[in-house]
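Engineer: Input: one structure, supplied below.
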Amino acid sequence: MTKNEIAAVLEEISTLLELKGENPFKIRAYTNAARSIEAWGGSLSDLKNEEALSKIPGIGKSIADKIKELAATGSLKYLEELRAEFPAAILELFSIPGLGAKKIKALYEELQISSIGQLLKACETGRVAKLPGFGETTQAKICRAIEERARHSGYFQFGQIANEAETLKSDLAGRPDALQAHVAGSYRRRKEIVHDVDLVVATRKPEAITKFFAGHPLVESIIAQGPTKSSVRLRSGIQCDLRVVTVAEYPFALAYFTGNKEHNIGLRSRALQCGWTLNEYRLAPSPPDPKAKKKRGTKKIPKVRDEAELYRALDLDFIPPELRENRSEFEAAEKHSLPKLIEKEDLRGTFHCHTTASDGHNTLEEMSQAAQTLGLEYLGIADHSRSSIQAHGIDEAALRAQIATIRKLNKKLDGFRLFAGIECDILRDGSLDFPDEVLSQLDYVVASVHSVFNLSEADMTRRVIRAMENPFVTMLAHPTGRLLLKREPYEIDISAILDVAARTGTWIELNAAPKRLDLDWRWWPRAKERGVKCVINPDAHRVERLQDLWFGVGIARKGWLTKTDVMNCLPLGKIEAALRAKRTR
DNA sequence: GCCGTTTTCGGCCCGACTGTTTTCAGTCG
Numbered sequence: 079m080t081k082n083e084i085a086a087v088l089e090e091i092s093t094l095l096e097l098k099g100e101n102p103f104k105i106r107a108y109t110n111a112a113r114s115i116e117a118w119g120g121s122l123s124d125l126k127n128e129e130a131l132s133k134i135p136g137i138g139k140s141i142a143d144k145i146k147e148l149a150a151t152g153s154l155k156y157l158e159e160l161r162a163e164f165p166a167a168i169l170e171l172f173s174i175p176g177l178g179a180k181k182i183k184a185l186y187e188e189l190q191i192s193s194i195g196q197l198l199k200a201c202e203t204g205r206v207a208k209l210p211g212f213g214e215t216t217q218a219k220i221c222r223a224i225e226e227r228a229r230h231s232g233y234f235q236f237g238q239i240a241n242e243a244e245t246l247k248s249d250l251a252g253r254p255d256a257l258q259a260h261v262a263g264s265y266r267r268r269k270e271i272v273h274d275v276d277l278v279v280a281t282r283k284p285e286a287i288t289k290f291f292a293g294h295p296l297v298e299s300i301i302a303q304g305p306t307k308s309s310v311r312l313r314s315g316i317q318c319d320l321r322v323v324t325v326a327e328y329p330f331a332l333a334y335f336t337g338n339k340e341h342n343i344g345l346r347s348r349a350l351q352c353g354w355t356l357n358e359y360r361l362a363p364s365p366p367d368p369k370a371k372k373k374r375g376t377k378k379i380p381k382v383r384d385e386a387e388l389y390r391a392l393d394l395d396f397i398p399p400e401l402r403e404n405r406s407e408f409e410a411a412e413k414h415s416l417p418k419l420i421e422k423e424d425l426r427g428t429f430h431c432h433t434t435a436s437d438g439h440n441t442l443e444e445m446s447q448a449a450q451t452l453g454l455e456y457l458g459i460a461d462h463s464r465s466s467i468q469a470h471g472i473d474e475a476a477l478r479a480q481i482a483t484i485r486k487l488n489k490k491l492d493g494f495r496l497f498a499g500i501e502c503d504i505l506r507d508g509s510l511d512f513p514d515e516v517l518s519q520l521d522y523v524v525a526s527v528h529s530v531f532n533l534s535e536a537d538m539t540r541r542v543i544r545a546m547e548n549p550f551v552t553m554l555a556h557p558t559g560r561l562l563l564k565r566e567p568y569e570i571d572i573s574a575i576l577d578v579a580a581r582t583g584t585w586i587e588l589n590a591a592p593k594r595l596d597l598d599w600r601w602w603p604r605a606k607e608r609g610v611k612c613v614i615n616p617d618a619h620r621v622e623r624l625q626d627l628w629f630g631v632g633i634a635r636k637g638w639l640t641k642t643d644v645m646n647c648l649p650l651g652k653i654e655a656a657l658r659a660k661r662t663r
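So our numbering is basically just the index in the first sequence, starting at one, shifted up by 78.
As structure tokens, this is what we get:
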């Protein structure tokens with residue numbers, strides 16, 4: 079049972095309690111616990127440990143017991159009992175926008191509807207519209223939502239919607255009536271998966287901005303539209319919300335809609351301690367609470383013109399959006415110990431790229447040229463090794479030829495350097511796809527798993543560790559093999575992998591391809607603690623995809639990394655020494 | 001069900017929008 083599966087169970091309990099009409103705060107306690115587990119950086123084995131469990135915020139005795147039962151047995155009696163009270167398919171009704179617990183309960187109790195199929199039928203025969211609290215409009219909306227649902231899942235990789243988000247932002251910012259415009263929400267926090275795009279615009283003419291937004295060519299349909307808030311569906315299928323505020327309200331709205339929710343609660347409670355209330359529009363004096371035994375503070379409310387001043391007002395250093403996940407950023411901001419996060423400009427080169435020699439779409443020369451255009455000082459070429467048949471892996475002869483070409487090209491290059499590497503398959507038993515004699519000819523080796531994903535956690539961990547113990551292995555690529563929204567990570571003990579990385583000096587890749595973003599940002603603070611070095615690689619199979627490095631930097635920032643944590647921030651002169659040093663450790 | 005520099009009991013974020021109502025409940029973020 080993985081961390082995310084446990085979170086999913088807590089989420090399901092919360093939904094079932096909602097259907098039962100339980101105490102809303104109890105329901106929220108389960109949702110909070112689920113989110114808390116998801117966001118938590120620890121490993122699964124810690125979940126069996128009572129002390130570690132009780133340190134996770136939002137988890138008390140009752141939920142801790144349930145998690146222990148889940149971790150130990152893989153099932154939970156309490157959940158089974160709850161499930162028995164409703165038909166299994168009823169939960170899928172929650173995926174229809176506009177349907178919540180109350181409406182689903184009514185549909186179930188009045189019309190015995192417990193699946194999307196039954197719901198569609200009932201809408202088509204007009205029975206839904208006759209229920210109290212429903213109507214013709216609601217019925218038609220449900221029909222449309224069911225059709226919409228068939229077209230997309232509602233979840234998107236960050237990279238899939240980045241273009242739309244940036245286009246809308248710059249088009250809105252370009253309006254003469256827009257005084258400020260920004261993308262907020264999970265996109266701004268650089269979450270790997272987003273399910274909507276939030277935009278905030280400051281203006282004196284809300285109607286003009288709203289009208290422009292609703293008529294934008296990227297907008298496919300309008301979901302809701304009011305004086306300050308509009309929701310639309312974009313062509314990609316993602317929902318996009320626009321909030322229109324005044325200039326004075328803008329910093330509050332931007333912070334509020336950037337979130338995340340737990341971070342906002344943290345900000346609000348800090349405001350309360352000062353005797354203020356914080357919402358998406360302003361800081362205001364807290365209304366007197368007749369029940370309060372003692373008076374709260376009544377500090378004078380300072381002027382707030384931007385987000386930094388908002389954080390300052392709450393006695394905090396500015397917290398970069400990527401860190402706003404309620405994972406100890408408040409403590410660090412209070413103690414002035416937030417790290418100076420890595421910036422895009424800090425990257426000097428990168429190591430994991432493919433060419434037409436294996437399954438890439440551009441030649442060595444084209445990739446080299448593109449890297450120089452991006453302003454990089456070096457580029458490592460790591461084509462697939464011979465066992466990766468599906469990726470046209472190269473054999474020893476082709477590899478030797480590529481090494482020779484790279485050495486020759488380097489003689490012509492000035493102020494830029496190509497490194498000869500390989501993305502070497504880690505075979506089933508943890509041995510590598512080429513013998514050491516071949517690997518020793520290269521400048522570096524990227525080791526990765528591309529086959530036999532279904533080993534047990536112990537076997538997979540042993541396999542990867544064996545590869546990492548080879549001194550010629552410079553870095554471990556995409557350590558969990560996940561493909562976001564497509565393929566689950568294979569079972570592997572990342573905590574153990576990080577220990578071995580620390581011991582052997584093996585760099586761990588942050589694969590910047592938006593479908594991977596692996597190793598996950600939640601692990602990086604732990605990696606850093608143990609002195610493990612990161613390398614941000616685009617895994618580019620064509621020149622355009624070198625730009626994925628940008629996504630990698632976002633995730634590295636989210637993992638609290640600075641430029642000293644990331645090997646490819648080293649300039650050319652130092653990276654060569656670092657590559658050599660890795661082999662002679 | 002969780003939590004505590006005000007607390008072991010009594011709080012727990014709250015505003016926007018929609019649709020069905022005729023002053024508000026439900027949903028969403």
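Virtual Cβ for every residue (Gly too), placed ideally from N, Cα, C.
#1: Per the contact definition of three or more C-beta pairs closer than 8 Å, is the stretch 385–392 in contact with the stretch 347–365?
#2: To which residues of the same chain is K283 closer than 6 Å at the C-beta, ignoring the five residues directly before and after it?
#3: Inspect the CB distances between the stretch 552–568 and the stretch 577–597 and report whether three or more fall short of 8 Å.
#4: Since S92 and T109 should fall inside the 8 Å C-beta cutoff, what is the C-beta to C-beta distance between them, to a whole number of angstroms?
#5: Specify, as a first and last residue, the run of the alpha helix (DSSP H) that I633 falls within.
#6: Would you kindly work out how many angstroms separate the C-alpha atoms of S231 and L657, rounded to a whole number?
#7: Pull the bridge partners of T428 from the DSSP assignment, please.
#8: Flag this pair as yes or no: are the beta carbons of D617 and R594 separated by less than 8 Å?
#9: What is the rounded straight-line gap between the Cα of E116 and the Cα of N82?
#10: Quick test of your reading: L197 and H260, contact by CB under 8 Å. State the CB separation rounded to the nearest angstrom.
#11: Tell me the DSSP bridge mates of N357?
#12: Compute the Euclidean distance between the alpha carbons of F172 and Q351, then round it to the nearest angstrom.
#13: For N615, which three-state DSSP category applies?
#14: Do the stretch 401–413 and the stretch 430–450 meet, that is, are 3 or more Cβ pairs less than 8 Å apart?
#15: Give the C-beta separation of I500 and V542 to the nearest angstrom, bearing in mind that I take them to be a contact with Cβ-Cβ under 8 Å.
#16: Kindly indicate which three-state DSSP category P549 falls into: helix, strand or coil?
#17: Going by alpha carbons, who is nearest to G438 out of A162, K269, E622?
#18: My parser needs the beta strand (DSSP E) runs of 3 or more residues fully inside the stretch 483–534; what are they?
#19: If we call anything under 8 Å between Cβ atoms a contact, is L312 one with E327?
#20: Please state if the CB of V524 and the CB of A460 are separated by a distance shorter than 8 Å.
#21: For K139 and S132, what's the separation of their Cα atoms in angstroms?
#22: By the DSSP assignment, the alpha helix (DSSP H) with N110 in it spans what residues?
#23: Can you name the start and end residues of the beta strand (DSSP E) that Q317 belongs to?
#24: Using the C-alpha atoms, what's the distance from V644 back to I397?
#25: Using only alpha-carbon positions, find the residue among S526, D274, K180, L650 that is nearest to Y456.
#26: Is the separation between the beta-carbon of D511 and that of S446 shorter than 8 Å?
#27: Restricting to Cα atoms, I'd like to know which of E214, G630, D503 is closest to M546.
#28: Tell me the DSSP secondary structure of Q303 in three-state form.
#29: Could you spell out where the beta strand (DSSP E) holding I572 opens and where it closes?
#30: F236: buried (16+ other C-beta within 10 angstroms of its C-beta) or exposed?
#31: Please return the same chain residues whose Cβ sits closer than 7 Å to the Cβ of E444, not counting the five positions on each side in sequence.
#32: With burial defined as no fewer than 16 other Cβ atoms inside 10 Å of the residue's Cβ, what is the status of V279: buried or exposed?
#33: What distance in whole Å lies between the Cβ atoms of L454 and R426, which are believed to be in contact at a cut-off of 8 Å?
#34: Once the 5 residues before and after I484 are set aside, which same chain residues still bring their CB inside 6 Å of it?
#35: Given this structure, state the Cα-to-Cα distance separating Q450 from F494, to the nearest angstrom.
#36: Which residues does DSSP pair with P363 in a beta bridge?
Structural biologist: So, from the listed chains and residues:
#1: Three or more beta-carbon pairs drawn from the stretch 347–365 and the stretch 385–392 are found closer than 8 Å, and the two stretches are therefore classed as touching.
#2: D255, listed in sequence order.
#3: Judged by Cβ distances under 8 Å, the stretch 552–568 makes contact with the stretch 577–597, as three or more pairs qualify.
#4: Contact between S92 and T109 holds: their C-beta atoms lie close to 5 Å from each other, under 8 Å.
#5: 627–636 is the span of the alpha helix (DSSP H), which, as asked, contains I633.
#6: For S231 and L657, the gap between their C-alpha atoms comes out near 43 Å.
#7: According to the DSSP secondary-structure assignment, T428 is paired through a beta bridge with L457.
#8: Going by C-beta atoms, D617 is nearer than 8 Å to R594.
#9: Within the model, the alpha-carbon separation for E116 versus N82 is close to 6 Å.
#10: Not a contact, Cβ separation roughly 38 Å.
#11: Listed as beta-bridge partners of N357 by DSSP are no residues whatsoever.
#12: Computed Cα separation, rounded: 37 Å.
#13: It is a strand residue.
#14: Segments in contact, no.
#15: Contact flag wrong, Cβ pair sits at about 17 Å.
#16: In the structure shown, P549 sits in coil (DSSP, three-state: anything other than H, G, I, E or B).
#17: Considering only alpha carbons, the answer is E622.
#18: If we require 3 residues or more, the beta strand (DSSP E) runs fully inside the stretch 483–534 come out as 495–503, 524–526.
#19: No, Cβ-Cβ distance for L312 and E327 is not below 8 Å.
#20: Their beta carbons are under 8 Å apart, which means A460 touches V524 by this criterion.
#21: The straight-line gap from Cα to Cα measures roughly 8 Å.
#22: Per DSSP, N110 belongs to the alpha helix (DSSP H) from 102–117.
#23: Where Q317 is concerned, the enclosing beta strand (DSSP E) stretches over 317–323.
#24: Taking the straight line from one Cα to the other gives about 21 Å.
#25: Residue L650 is the option with its Cα nearest to Y456.
#26: Cβ atoms of D511 and S446: not closer than 8 Å.
#27: Ranking the options by Cα distance to M546, first place goes to D503.
#28: Strand.
#29: I572 -> not in any beta strand (DSSP E); alpha helix (DSSP H) instead, spanning 572–582.
#30: In this structure F236 is buried. Its beta-carbon is surrounded by 16 or more other beta-carbon atoms within 10 angstroms.
#31: Excluding positions up to five away in sequence, the list reads V621.
#32: With 16 or more other Cβ atoms within 10 Å, it is buried.
#33: About 6 Å separates the two Cβ atoms, so the contact holds.
#34: Here the set comprises L496, A498.
#35: Those two C-alpha atoms are separated by around 7 Å.
#36: The secondary-structure analysis by DSSP pairs P363 across a beta bridge with W354.
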